[in-house]
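Residue numbers (this note's numbering), protein chains in the order written: chain A, 14 to 355; chain B, 55 to 331. Think of the CB as a built atom: it goes at the ideal place given N, C-alpha and C, for glycine as much as any other residue. Below: the structure, in structure tokens.
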Ligand SMILES: Cc1cc2nc3c(=O)[nH]c(=O)nc-3n(C[C@H](O)[C@H](O)[C@H](O)COP(=O)(O)OP(=O)(O)OC[C@H]3O[C@@H](n4cnc5c(N)ncnc54)[C@H](O)[C@@H]3O)c2cc1C
Ligand code: SF4
Ligand code: SF4
Ligand code: FES
């Protein structure tokens, strides 16, 4: 275990930045946290949680696939990926870290998405335990422990220090390069921090929320439930919930004529949009109800069916904060999940 | 970052032949610039074709894998990509990636069986690959019946090949039908599902259906009436697709992705999926 005085954090960031680009949560002018690249003087924000999730690092909003040049009847394919060299991210929360595992199951399964894979391989993740989990947090529902955030280097903080515990070879290698900024420490202070966090988690309003009644092979049980009508009634189909969600993975592929050629890129898309599945032959999801149902069935039933019971929600609470009509997955779980959830 | 080799990055294909099948269907022959097949495939699999700047679209590979020289695609004009393809000339380059999807079980469940192919309109495209595969390995299969229908005589895809080749093969019976009476047509008139019932097949065979959703629905009902079990009937599904590899999240029915787990399904497998297609 290593530690550094909080007031000296800038030294650590400077040392890491010498080795590799470093990104960390920073307060923007609207007082919202977002991941920014560190440059001298950039202040780390302890705010929970970044408005946009950390999936952006691996599955950015747009990703170049390739460029094309055409002349006459001929086409030339030109590589044009803008993949980063090595980089480090500091301050990733336990929920977002788990979301990488959810996305890995999609993008790293055959055939492997090489853009995602390269980004994943090139990143060193410093997590941060959550000292002040919010009332919108329910990571515990999905067996995520905000006091034990994992990652390449697991970090903890108290009033005075940040503690760093490298867990993987990548994490150890990077910390070894910046040891001069760090002091040694025993496990004791972190044990205390963990115990305090676990106590706080137990007092969160959503601590006892259970998704147990959902999971693999429950399609028949939930698909035709009449509650979907009421739940989806006010949904605007704006897609906000899908864009802020760290585990939403739907994308579109588009071509853009640059004037000199064509850029093909993929960009986030949303199953909440009416044209998502539209075809000349028909539209399998005619109403917002069906699109709404798709999003939640995917997270709570379809994804678990294909991934050994793992849910595709990490309880980060972003959709609770951002939905303009205050609909969210917690309401869905409570409504459909049975009496256990009151 | 050099040498990214991603499944979404296509290769170049050259269109070496364009056959006009019907007023709105053309069949395109595609090879790589050095004259080879872009990749090997199995009957029922698909490929993404595109013109940069116009878009990408999914098509069944209608040629049989036993064709070692080129791939063919029968394409119906309906939107941006298909309209663009319909106005190109031989020699035009396009892009291609694939093969995608789960093929027909030609070497397992179909082997040694009598086969009944039922197609409507452009729905013949995926079945043609299977039919020509079966014709190539004729000794591995029993009797073959092909029921194929279209709006009119002019809308029958692959008409010349059907008449000149399939109809002349021993052990293959072709039953053509068109929706309405037409001058110069002395064959059967009527919709495919009714014709199948009229023909009244014995149930000791595997049936393979492809066509518009409504045709599939009624034909399946007809086959059930004739005593077919859903485990004997295969079909292929069509949903909007972008990636073709089970990642973009577009083509799922419940927990199944049509691009990856389909497009070929046995009809009893479809019963297990939620009714959203
Ligand atoms: C597995 C599979 C196999 C297919 N095989 C063939 C084939 O062998 N021959 C053939 O002619 N067509 C086939 N199709 C249909 C073909 O993909 C669509 O006709 C094509 O995508 C339309 O593209 P477009 O750019 O011309 O149309 P667009 O300009 O994209 O759209 C025109 C209209 O078609 C709709 N559309 C978009 N994608 C699809 C789609 N996948 N299916 C139906 N409508 C769509 C649009 O919403 C719009 O209403 C297949 C589709 C799938 C999924
Ligand atoms: S569904 Fe909501 S709470 Fe769950 S991971 Fe997505 S944004 Fe977070
Ligand atoms: S659930 Fe809320 S955030 Fe999501 S699409 Fe509907 S209105 Fe928008
Ligand atoms: S087309 Fe992308 S998941 Fe099937």
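{"Item": "Interface residues of chain B facing residue 262 (chain A) [CB-CB closer than 9 Å]", "Value": "301, 302 and 303"}
{"Item": "CB contact flag (residue 68 (chain B), residue 87 (chain B), <8 Å)", "Value": "yes"}
{"Item": "Proximity of residue 211 (chain B) and residue 75 (chain B) at Cβ, strictly below 8 Å", "Value": "yes"}
{"Item": "Unbroken alpha helix (DSSP H) run spanning residue 151 (chain B), endpoints", "Value": "Not the alpha helix (DSSP H): residue 151 (chain B) falls in the beta strand (DSSP E), residues 147–154."}
{"Item": "Residues of its chain near residue 205 (chain B), where Cβ-Cβ distance is below 8 Å and the 5 sequence neighbours each way are ignored", "Value": "175, 232, 233 and 234"}
{"Item": "Bridge partner(s) assigned by DSSP for residue 281 (chain A)", "Value": "A:264"}
{"Item": "Any non-hydrogen atom of ligand 4 closer than 7 Å to residue 298 (chain A) Cβ", "Value": "no"}
{"Item": "Residues surrounding ligand 6 [beta-carbon distance to nearest heavy atom under 7 Å]", "Value": "Ligand 6 is not part of the structure shown, which contains ligand 1, ligand 2, ligand 3 and ligand 4 as its ligands."}
{"Item": "Where residue 238 (chain A) falls, given that 16 or more other Cβ within 10 Å makes a residue buried", "Value": "exposed"}
{"Item": "Residue of B:199, B:272, B:295 and B:245 minimising C-alpha distance to residue 256 (chain B)", "Value": "B:199"}
{"Item": "Proximity below 8 Å, CB of residue 93 (chain B) to CB of residue 152 (chain B)", "Value": "yes"}
{"Item": "Cβ-based burial, residue 384 (chain A) [other Cβ within 10 Å; buried from 16]", "Value": "Coverage of chain A is limited to positions 14 through 355, which leaves residue 384 (chain A) absent and any answer about it impossible."}
{"Item": "Whole-angstrom C-beta distance between residue 159 (chain A) and residue 152 (chain A), which should lie under 8 Å", "Value": "6 Å"}
{"Item": "Contact the region 72–85 of chain A vs the region 42–61 of chain A: 3+ CB pairs below 8 Å", "Value": "no"}
{"Item": "Nearest-angstrom Cα separation, counted from residue 322 (chain A) out to residue 260 (chain A)", "Value": "15 Å"}
{"Item": "Alpha-carbon to alpha-carbon, residue 266 (chain A) and residue 305 (chain A)", "Value": "22 Å"}
{"Item": "Nearest-residue set for ligand 3, Cβ under 6 Å from any heavy atom", "Value": "A:248, A:249, A:250, A:251, A:252, A:253, A:254, A:285, A:336, A:337, A:338 and A:340"}
{"Item": "Opposing strand residues paired with residue 49 (chain A) [DSSP bridges]", "Value": "A:37"}
{"Item": "Chain-ordered neighbours of residue 342 (chain A) on chain B, where CB pairs are closer than 8 Å", "Value": "By Cβ distance, chain B contributes nothing, its closest Cβ being about 17 Å from residue 342 (chain A), past 8 Å."}
{"Item": "Alpha-carbon spacing of residue 297 (chain B) relative to residue 62 (chain B), whole angstroms", "Value": "7 Å"}
{"Item": "Given residue 145 (chain A) as reference, the closest of A:217, A:121, A:167 and A:129 once Cα atoms are compared", "Value": "A:217"}
{"Item": "Cβ contact check for the region 129–143 of chain A and the region 97–112 of chain A: 3 or more pairs under 8 Å", "Value": "yes"}
{"Item": "Residue-chain proximity (residue 355 (chain A), chain B), Cβ-Cβ < 8 Å", "Value": "The predicted model places residue 355 (chain A) with a pLDDT of 46, which falls under 50 and marks its position as unreliable, so this point remains unresolved."}
{"Item": "Contact with chain B by residue 207 (chain A), beta-carbon distance below 8 Å", "Value": "no"}
{"Item": "Between the CA atoms of residue 227 (chain B) and residue 240 (chain B) - distance to the nearest angstrom", "Value": "17 Å"}
{"Item": "Chain A within 8 Å of residue 294 (chain B), Cβ atoms only", "Value": "yes"}
{"Item": "Heavy atom of ligand 2 within 7 Å of residue 346 (chain A) beta-carbon", "Value": "no"}
{"Item": "Beta-carbon gap between residue 317 (chain A) and residue 309 (chain A) smaller than 8 Å", "Value": "no"}
{"Item": "Rounded C-alpha distance that separates residue 245 (chain B) from residue 183 (chain B)", "Value": "23 Å"}
{"Item": "Contact with chain A by residue 147 (chain B), beta-carbon distance below 8 Å", "Value": "yes"}
{"Item": "Buried versus exposed call for residue 229 (chain B) [16 or more other C-beta atoms within 10 Å across all chains shown]", "Value": "buried"}
{"Item": "Cross-chain neighbours of residue 152 (chain B) in chain A, by beta carbon under 9 Å", "Value": "Correct list: empty, because the minimum Cβ distance to chain A is about 11 Å."}
{"Item": "Chain-ordered residues of the region 115–140 of chain A with a beta carbon less than 7 Å from chain B", "Value": "119, 120, 124, 126, 127, 128 and 131"}
{"Item": "Through-space distance from residue 173 (chain A) to residue 20 (chain A), alpha-carbon basis", "Value": "8 Å"}
{"Item": "With 16 other Cβ atoms within 10 Å as the buried cut-off, status of residue 115 (chain B)", "Value": "buried"}
{"Item": "One or two residues paired with residue 311 (chain A) in a DSSP bridge", "Value": "Per DSSP, none; premise fails for residue 311 (chain A)."}
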